[in-house]
Amino acid sequence: MKSSEPGKVGDRRGGGGGGGGGGGGARAPDRGGGRRGWPTARSITPDCNVTHRRKGVTSSCNDQHSAPLTRSDVRDIIKNEIKDLLKHLDNTMATFVNNELKSIKEEIAHVNESMTFMNNHYEQIKLEVAEKFSAVTELQKKNMQLETTVCDLSARVNLLEQQARMANVEIQCLPEFKGENLISTVVNMVRVISCPITEGNVHQVTRVAKRDTSSKRPKSIVVQFSSPRVRDEFLAASIKYNKTNPDDRLNTKVLGIAGNIENVYVVEHLSPANKQLHAAARIKAKEKGYQYVWVRNGRIYMRKTDGMDYKYIKDNTTLNKIE
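Residue numbering for the sequence shown follows our numbering, beginning at 258 and increasing consecutively.
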């Protein structure tokens with residue numbers, strides 16, 4: 258496009274008011290690509306001293322011959338803007354990350370301190386537990402030894418108690434009367450069962466307290482003879498009488514005691530431990546179908562049926578093994 262002469266510029270500005278009538282002052286079309294009615298960089302008048310600012314580019318209204326922005330200029334401007342933005346983001350992210358890492362490092366340091374503290378206490382607890390475990394193991398061994406010793410001593414005491422009763426018999430279910438003469442009762446029983454012993458062989462006769470106070474059975478009578486041999490003779494005579502008279506076994510009637518007829522039983526005088534074992538053996542015999550349970554010289558035996566071997570019941574452990 259050709260540039261207008263200087264005189265023509267003044268005419269164009271001055272004739273703008275009457276351009277609407279004759280058409281001589283008509284404005285040429287904008288070929289620079291600007292909007293209609295907006296001044297372009299080349300159409301700005303010199304009397305407007307305005308400076309237009311862009312990033313990296315400064316143009317002045319006095320620079321009449323400045324070239325328009327090209328794509329390369331725009332690309333450079335955008336690159337610079339993006340570069341500045343990325344740099345700012347990098348700085349911001351670096352600051353943020355550094356702050357966060359500092360906080361995390363402090364927390365990790367606290368955790369490490371706590372872990373060190375816990376590890377020290379854990380090691381101390383391990384040592385204490387090991388010591389306690391060793392002590393418990395030693396106590397368990399001693400406890401087992403003590404249990405063995407107690408069992409052995411209990412067996413010995415039971416044996417001594419039973420040996421102290423080797424000359425005694427126990428008469429059960431004999432009615433109890435006020436002012437009764439127990440020696441006369443025993444002598445009368447000796448006569449009934451035809452036992453070849455005399456009153457002089459009877460050292461002591463007494464009733465003993467019931468283990469079960471709620472039981473209606475009378476107190477048992479304990480008879481102490483002069484020797485185990487005499488005791489065995491008395492027991493043998495009572496057993497023989499019952500076998501000889503199966504329909505009229507030893508009872509209150511044959512002993513001349515008035516009242517209801519009650520069976521009378523003559524058994525060995527057992528120690529408290531053996532009494533409990535004998536009672537448990539009788540219960541076990543009913544459960545397992547054993548026909549016979551008897552006592553001989555303070556020992557308890559069981560037999561299932563005729564012809565089978567007997568079993569010696571030494572203690573509760575042996576009894577529990579009965580099948």
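Ideal Cβ placement from N, Cα and C applies to all residues, glycine included.
In this text the structure is predicted, and so the values were computed from the model without any measurement.
- Runs of the beta strand (DSSP E) spanning 3 or more residues and lying entirely within the stretch 447-488 occur at 459-464, 478-482, in chain order.
- Collapsing the DSSP output to three states places ILE440 in a helix.
- Straight through space, the alpha carbons of MET375 and LEU396 are spaced by roughly 30 Å.
- In this chain, ILE514 is not harboured by any alpha helix (DSSP H), its DSSP state being neither H nor E.
- For ASN508, DSSP records a beta bridge to ASN520.
- In this structure LEU492 is not in contact with ALA538, their Cβ atoms being roughly 19 Å apart against a cut-off of 8 Å.
- In the three-state reduction of the DSSP assignment, GLN429 falls in the strand class, which pools E and B.
- Spatial neighbours of VAL462 in its own chain (CB-CB distance under 7 Å, excluding positions within 5 residues in sequence) are listed in chain order as LEU439, ILE440, VAL443, ILE478, VAL480.
- Between ASN415 and ASN531, the C-beta gap is smaller than 8 Å, which places the two residues in contact.
- The count of Cβ pairs closer than 8 Å, one atom from the stretch 482-490 and one from the stretch 382-391, stays below three, leaving the stretches out of contact.
- When only Cα atoms are considered, LYS578 and VAL393 end up about 31 Å apart.
- In the three-state reduction of the DSSP assignment, ARG422 falls in the coil class, being assigned neither a helical nor a strand state.
- In the displayed model, GLU370 falls within a helix according to three-state DSSP.
- Judged by pairs of C-beta atoms under 8 Å, the stretch 536-556 touches the stretch 513-528, as three or more such pairs exist.
- The shortest CA-to-CA distance from ILE557 to any of LYS336, ASP566, TYR549, ILE570 is the one to ILE570.
- Judged by DSSP in its simplified three-state form, LYS359 adopts helix.
- Per the C-alpha coordinates, the member of LYS473, SER472, PRO432, ARG488 positioned closest to GLU456 is ARG488.
- When the Cα atoms are used, LEU342 and ILE335 turn out to be separated by approximately 10 Å.
- Where ILE557 is concerned, there is no enclosing alpha helix (DSSP H), although the beta strand (DSSP E) around it starts and stops at 556-560.
- Residue pairing by DSSP places ILE570 opposite ILE557 in a beta bridge.
- Judged by DSSP in its simplified three-state form, TYR549 adopts strand.
- Counting only residues of its own chain and dropping the five nearest sequence neighbours on each side, GLN429 has a CB closer than 6 Å to the CB of SER477, TYR522.
- Of the candidates ASN445, LYS500, ASN520, ASN445 places its Cα closest to the Cα of VAL459.
- CA-CA distance, ALA542 to HIS378, rounds to 60 Å.
- Separation of ILE518 and GLU544 (C-alpha to C-alpha, rounded to the nearest whole angstrom) is 30 Å.
- Non-local beta-carbon contacts of HIS535 in its own chain, meaning distances under 8 Å to residues more than five positions away in sequence, involve LEU527, VAL550, VAL552, ILE557 in chain order.
- Rounded to whole angstroms, the Cβ separation of ILE540 and PRO432 is 27 Å, and the two are not in contact under 8 Å.
- Between SER451 and ALA421, the C-beta spacing is not below 8 Å.
- The DSSP-derived three-state label of GLU404 is helix.
- The C-beta distance from GLU490 to PRO453 rounds to 7 Å, short enough to fall under 8 Å.
- Under the three-state reduction of DSSP output, GLU544 falls in the helix class.
- The straight-line gap separating the alpha-carbon atoms of LYS561 and LYS568 is approximately 9 Å.
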